[in-house]
Amino acid sequence: MSNQQDNVTDYHTYPDATGHFGPYGGRFASETLMDALDELSAMYTKLKDDPDFRAEFDKDLAHYVGRPSPLYFAERLTQKWGGADIYLKREDLNHTGAHKVNNTIGQALLAKYSGKPRVIAETGAGQHGVATATVAARLGLECVVYMGAEDVERQKLNVYRMRMLGATVIPVTSGTQTLKDAMNEAMRDWVTNVDNTYYIIGTVAGPHPYPTLVRDFNSIIGREARRQIQEQAGALPDALVACVGGGSNAIGLFWEFLNDKGVAMYGVEAGGRGLSGNEHAAPLSKGRPGVLHGNRTYIMADDDGQIMGTHSVSAGLDYPGVGPEHAWLKDSGRAQYVAATDDEALDAFRELTRTEGIMPALESSHAVAYAKKLAVELGKGKRIIVNLSGRGDKDVHTVAALDGLSI
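In this note's numbering, the protein residues as written are 539 to 945.
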């Protein structure tokens, strides 16, 4: 898409009626699921603007999740970096410790309206699994969470939290034993049990209408940030920065600003051990279009079209695909997608912890790492909002192990 075309695009009119963002998105699913997807799409279309549904969602966000989350001016970090003003959107302060709960609250309401007694989910870092187990406990629903066996090992604390909440956590030992394989198993479960099960997908991927409804539930992040930065700084931000695995926290921040052409947007993928090899999880930076988990998007695939293994120090970013709206925003040029390596993310984890007393999730640390470069590039007088999508408690064991410590 040319810049001239981009100047007249209303990004809030997407996706189209078939769930497409340009050539991306859509619905690639088995016949078994088509009726369930049609029912979900019809139910969401009916409810999303229903005053009673909106009031119930907003009430839960305020009184259960604890919204609005603060927008915090990181004064010491700003002074240390010597460039643009850094504001942190504190999604890490939500109930359960991440932005994931915004979406699970919304989908839990859809599960309740659908009358299905069982929910399933997939999770990488465990944040979506904990959020799903939490809302299931609150509503008295049976809950099963699929998680790659490698992620079960590196996210022991969140696995224990899910089990304490009453969920059944099933380690997935196929493939690379990470998020991709967990999502495969969750899809298989849903196909088998579609009559009594609601699948709470954790990111802006999957067959239509999931990318849309997950985005909509997380767009509360951008709506709050827009109001808060105007109250605090008297102007819109110059740039937004968020990490991108599947991309739900990033699209949640970006969406409210998509039609503000003066606000630049940067999605930060997992650069792993560097983009020059294959040990990363950066489909927008180094991948190509293809189909994965029910939608067309950018994926990491080899010359035969087979999905490649991924690597990231962050379990939540360790995924070979990305939400289709991000693929479209990349091609249109509306958002830019970059990468931060494991080492850069770990340095950012430590720097934010020691400078502001805020311990970010390793996912969010990727965004902080790129914001450091961008702050210097933009210079003083500019404003950057960085989305802190989750808190770092769950990653302490990972960081300690890399430091050679056992805790």
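Every residue gets a Cβ at the ideal spot worked out from N, C-alpha and C, and that includes glycine.
Contacts around residue i, its chain only, beta-carbon distance under 7 Å, and the 5 residues preceding and following it disregarded
i	result
residue 479	Shown here, the chain extends from 539 to 945; a query on residue 479 therefore has no answer.
residue 570	729 and 732
residue 846	816, 838, 839, 840 and 858
residue 905	779, 780, 781, 806, 924 and 925
residue 564	556, 557, 558, 746, 833 and 834
residue 757	790, 793 and 794
residue 661	667, 683, 685, 720 and 740
residue 548	797
Exposed unless 16 or more other CB atoms sit within 10 angstroms - verdict on residue i
i	result
residue 676	exposed
residue 897	buried
residue 546	exposed
residue 931	exposed
residue 702	exposed
residue 927	buried
residue 921	buried
residue 936	buried
residue 726	exposed
residue 748	buried
residue 593	exposed
residue 696	buried
residue 700	buried
residue 750	buried
residue 786	buried
residue 734	exposed
Cβ pair residue i, residue j closer than 7 Å
i	j	result
residue 903	residue 873	no
residue 603	residue 639	yes
residue 627	residue 615	no
residue 819	residue 791	no
residue 794	residue 740	no
residue 860	residue 822	yes
residue 598	residue 658	no
residue 835	residue 562	yes
residue 622	residue 916	yes
residue 693	residue 899	no
residue 721	residue 707	no
residue 762	residue 606	yes
residue 689	residue 716	yes
residue 911	residue 619	no
residue 710	residue 723	yes
residue 775	residue 752	no
residue 681	residue 705	yes
Near the ligand ATP: residue i beta-carbon under 6 Å from a heavy atom
i	result
residue 691	Annotation note on the ligand ATP: not contained in the displayed structure, which lists no ligands.
Beta bridge counterpart(s) of residue i as assigned by DSSP
i	result
residue 929	898
residue 914	According to DSSP, residue 914 bridges with nothing at all.
residue 627	609 and 925
residue 686	710
residue 833	830
residue 603	The partner list for residue 603 (beta bridge, DSSP) is empty, contrary to what the question assumes.
Neighbour flag for residue i against chain B, beta carbons, 7 Å
i	result
residue 733	This model lacks chain B altogether; it includes just one protein chain.
Same chain, Cβ closer than 8 Å to residue i, five either side skipped, listed in chain order
i	result
residue 652	577, 578, 581 and 736
residue 945	934, 935 and 938
CA nearest to the CA of residue i, picked from the options
i	options	result
residue 939	890, 691 and 775	691
residue 567	762, 744, 851 and 756	744
residue 646	667, 913 and 559	667
residue 553	811, 722, 762 and 583	583
residue 671	689, 641 and 913	641
residue 770	612, 551 and 600	612
residue 809	889, 880, 669 and 600	880
residue 799	587, 777, 663 and 631	777
residue 824	831, 796, 868 and 788	868
residue 914	624, 632, 551 and 901	624
residue 551	797, 764 and 827	797
Contacts around residue i, its chain only, beta-carbon distance under 6 Å, and the 5 residues preceding and following it disregarded
i	result
residue 591	585
residue 829	566
residue 919	none
residue 712	719
residue 783	854, 855 and 857
residue 665	636, 638 and 928
residue 669	634, 638, 639 and 642
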